[in-house]
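Here the structure comes first, spelled out in structure tokens, and everything after it is commentary.
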Amino acid sequence: MSASEITERGKKRRAGRACILCRARKVRCDAVLTGIPCTNCRLDSLACTVTKSKRHRVSKASKSGVHTSEQDQLIVDATSHQEGPYDPEHSAQETVVATYPGKAQGCGHGITTQSPAAQAPPTSSSSLEAAITPALPAFIKPLPDTLDSADLQYLHAKGALSLPSTQFLDVCIARYLEFTHPLLPLLEKRQLLSILAREEGNVDQISLLLFQAVMCSGVTFVEDQWIAREGFDSRQAARRAFFGRAKVLFYSNIDLDRLVACQAAVLLSTWYPGTNEKADPWFWTGTGVSLAYSMQLHLEPDESQFDLSEQHLRRRVWWCAFARDQKVALALGRPHRSTYYNVGMLTADDLAEKFQASPNLYPPETRRFLSLTDNQRTRDTLVRLCVEHKKLCVCIASFVSTIFKCRQEMRNRGQGSQQQRQLSSPSARLNRCTQDFARWYREMPADLRYKAHAATTNREPLDQPRSLAVHISTVQVLYHVAVSALYRLKALSPSSTWRDSQEELDGTSQRLLRHTAWELTRINQDLYQAGLMPYLSTGAVGSVVSAVVIHLLDVKAPNETVRRAAVHGIQLCKQFLWVLKDAYGTAVDALKYLREAEKQDAGMVINEVAMDDGSTRPSPPNDWQPNGMWLSTMLHNSPSAPSGTPTAPALETSPFKEDDEIFWQSWMESLSNYDFLESSNPPLYDLGFSSNDGGAFDIGNGFPGP
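Each residue of the sequence shown is one higher than the one before, counting from 1 in full-length UniProt numbering.
See the structure below:
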């Protein structure tokens, strides 16, 4: 055997054919041996395309003088890896390349999209990167130069560069401005309105990461007909798609601006991707708070370093991150991360809109939204409501912090010095938290408190913008949810260290729990009848669950009036969850839990009572008056219950662990992770009932304050 033959055998022969992606990356392709897809594309979850051999062939295009390359046939299957549905007829609307005619072509005012194959082909074989670089609309900031062809290929494959159709984009941003922005003013309203106006040369550019995060939040409130027209099966599917795109962009460092990353993280914390996703709301709120600390948003902005508009924006972003941190901490039963800050409370100046919007410049959905809110009274009300919302989150932060401090001290009790052992009882500290909530309620302007709407009496529709009704109810619901969590500790805790003996003797805590449950049920019933429930934020699921938990406890009450009212309340809560499940996966988990609960002893009672279709208002026990004032000094002069009436909670099943006892709305993780839901057998308590349990509570007047 000659040396030349040995050398020839020792060489690795090139593959006869290679797919486009392997050829671009200059790696060995085994498509000929294993078939399509090749191993490289299969491992990277990319579309594998093998072009036909052009050897010894002259194309018609070449004969006519048009030069082509194999790269012209590059196909990036972006939609196959998106988390939303794929519609072949719709795929032209949602592609990886978008042009903005008003900027790129100098004509028109809409967004048009086209596939890569429809664009002018590159003129040389070295233009692969140019072929896959998207022509983004004028309102999207250009992608950083640090992205190479592999990065762009990955973003293409994950659909992160996909843009929705023009009409769908308009609707999503309009719903974001209507239902997310008022209580979570992370962005400049002017910036989003400039996108919708599409004035050539006068567009405030937005990061692609932040744009996808805004779409993820805004699509939550888009009506079903728009969702179906865009090709999604449900709002959950649409949210999942936009969440996936934003998450990929976040991990790819598509925008190195920490403020943008913080804003996006806070918005992404409103979506729960499922139990198999590590980037859950807890992760995103922690990321947002960490980024805020890294930029020193927790400190008052330096006037010499930032102009006035930047100071307002920094304060708003901090308080939005702070508020989301407190809500998620309460929902998940974990400590909050925003433990230190030195930023003044938001003011009207921080939230003021320093521009005049001309409705004629915007699409129909935006014009309708502006026509409802474009008056000074509505704007002022939303500004004051946003400030009150942040003040309430401060009270929640104090409550959550108190719980974890008390738990730590209880674990260390018996250790250390005598002074360390003589600490104030958890019950006394909870009373101080109660005073904080009471003070907040008393100081809240009367026009910002929730009032029963016309929908509850089947009259004409609401006499105020729907966004205002939704946001006022959202703040009121958050207040009742926090108070209910506090009194679950005082009334239902298996440990006496958390309970106030006097309150348990006169049944105050139990009655407050029942009152709060019916307040939440009443508010949700009003919104349900008014058709506003689809526009509620993610906290709506927790409010329904907090109410239904107390109704479940009342199902086994000795008083028949209480039992029947509780059964009615449970059926209403199921209706609420059925509406919410289209947008929130946590509502699906809650419905599963209720079905399991009905299989237990509580379900036997529920099924014995014939229920109506839920078209009537719930009937709390003893002609309960939802808006009445009852016992203004209730906690100090509460009458005793009649003899023989159980007032202390009687455990029917083993209690859940004290570590998780107040966080009954922890629906963000697997159901089996929570002792309250362990073995699908919820602990049932008898909250008791007395002749004095027929009045309504106004907790703001129930405590005289310090």
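For every residue, glycine included, the Cβ atom is placed at its ideal position computed from N, Cα and C. Small disclaimer: the values here were computed from a predicted structure and weren't measured.
Under the three-state DSSP convention, the category residue i falls into
| i | result |
| --- | --- |
| T339 | coil |
| L536 | coil |
| L267 | helix |
| L299 | strand |
| I254 | coil |
| I36 | coil |
| D612 | Confidence is the limiting factor: at D612 the pLDDT is only 41, short of 50, which leaves the residue's position unreliable, though a coordinate-based value still follows. DSSP places D612 in coil when its eight states are reduced to three. |
| G108 | With a pLDDT of 33 at G108, under the threshold of 50, the predicted position of this residue should be treated as unreliable, and no value is reported. |
| G231 | coil |
| S126 | Any reading at S126 must be qualified, since the residue scores a pLDDT of 42, below 50, and its modelled position is unreliable; the value itself is stated next. Residue state, collapsed to three classes: coil. |
| A583 | coil |
| C19 | coil |
| T561 | helix |
| L346 | coil |
| E598 | helix |
| F369 | helix |
| E178 | helix |
| residue 709 | This structure does not reach residue 709, given that the chain is present from 1 up to 706, and the question cannot be answered. |
| A237 | helix |
| Q376 | helix |
| V555 | coil |
| D44 | coil |
| A452 | coil |
Short Cβ contact (9 Å threshold) for residue i with residue j
| i | j | result |
| --- | --- | --- |
| A485 | L552 | no |
| A428 | V477 | no |
| residue 739 | A583 | Since the first residue shown for the chain is 1 and the last is 706, residue 739 is missing from the structure and cannot be characterised. |
| V219 | I206 | no |
| T366 | L177 | yes |
| I20 | T39 | no |
| R258 | S294 | yes |
| I472 | L385 | yes |
| H336 | S252 | no |
| A321 | S338 | yes |
| F221 | I140 | no |
| N524 | S543 | yes |
| A158 | V248 | Per the sequence shown, residue 158 should be read as Lys rather than Ala. For K158 and V248, yes; Cβs fall inside 9 Å. |
| T146 | S217 | no |
| L208 | S537 | no |
| P137 | L155 | no |
| A547 | V555 | no |
| I36 | C22 | no |
| L512 | Y487 | yes |
| C393 | Q296 | no |
| H389 | D349 | no |
| V383 | L186 | no |
| P301 | Q167 | no |
| W319 | L291 | no |
| E188 | D170 | no |
| M533 | L580 | yes |
| V343 | L299 | yes |
| S467 | F179 | yes |
| L489 | P426 | yes |
| A160 | A24 | no |
N- and C-terminal bounds of the alpha helix (DSSP H) containing residue i
| i | result |
| --- | --- |
| L208 | 208-218 |
| S467 | 466-492 |
| Y362 | Note, Y362: premise wrong, no alpha helix (DSSP H); not H, not E. |
| T516 | 508-529 |
| D30 | Unbroken run through D30: none, as it is neither H nor E. |
| F283 | 281-294 |
| Q191 | 189-197 |
| D325 | 308-332 |
Min CB distance residue i to chain B below 9 Å
| i | result |
| --- | --- |
| R334 | Within the model displayed, chain B is absent; a lone protein chain is all it includes. |
Any 3 or more C-beta pairs closer than 8 Å across the stretch 296-316 and the stretch 368-377 | no
Start-end ranges of the beta strand (DSSP E) lying completely within the stretch 378-448, minimum 3 residues = none
For the 8 Å Cβ check, are there 3 or more pairs between the stretch 257-269 and the stretch 221-237?
-> no
Sequence ranges, alpha helix (DSSP H) only - wholly within the stretch 136-173, length at least 4 | 149-157
At least 3 beta-carbon pairs within less than 8 Å: the stretch 239-253 vs the stretch 506-522 | no
Using 8 Å as the Cβ pair cut-off and three pairs as the minimum, do the stretch 510-527 and the stretch 426-445 touch?
-> no
Between the stretch 271-289 and the stretch 182-198, do three or more beta carbon pairs fall short of 8 Å?
-> no
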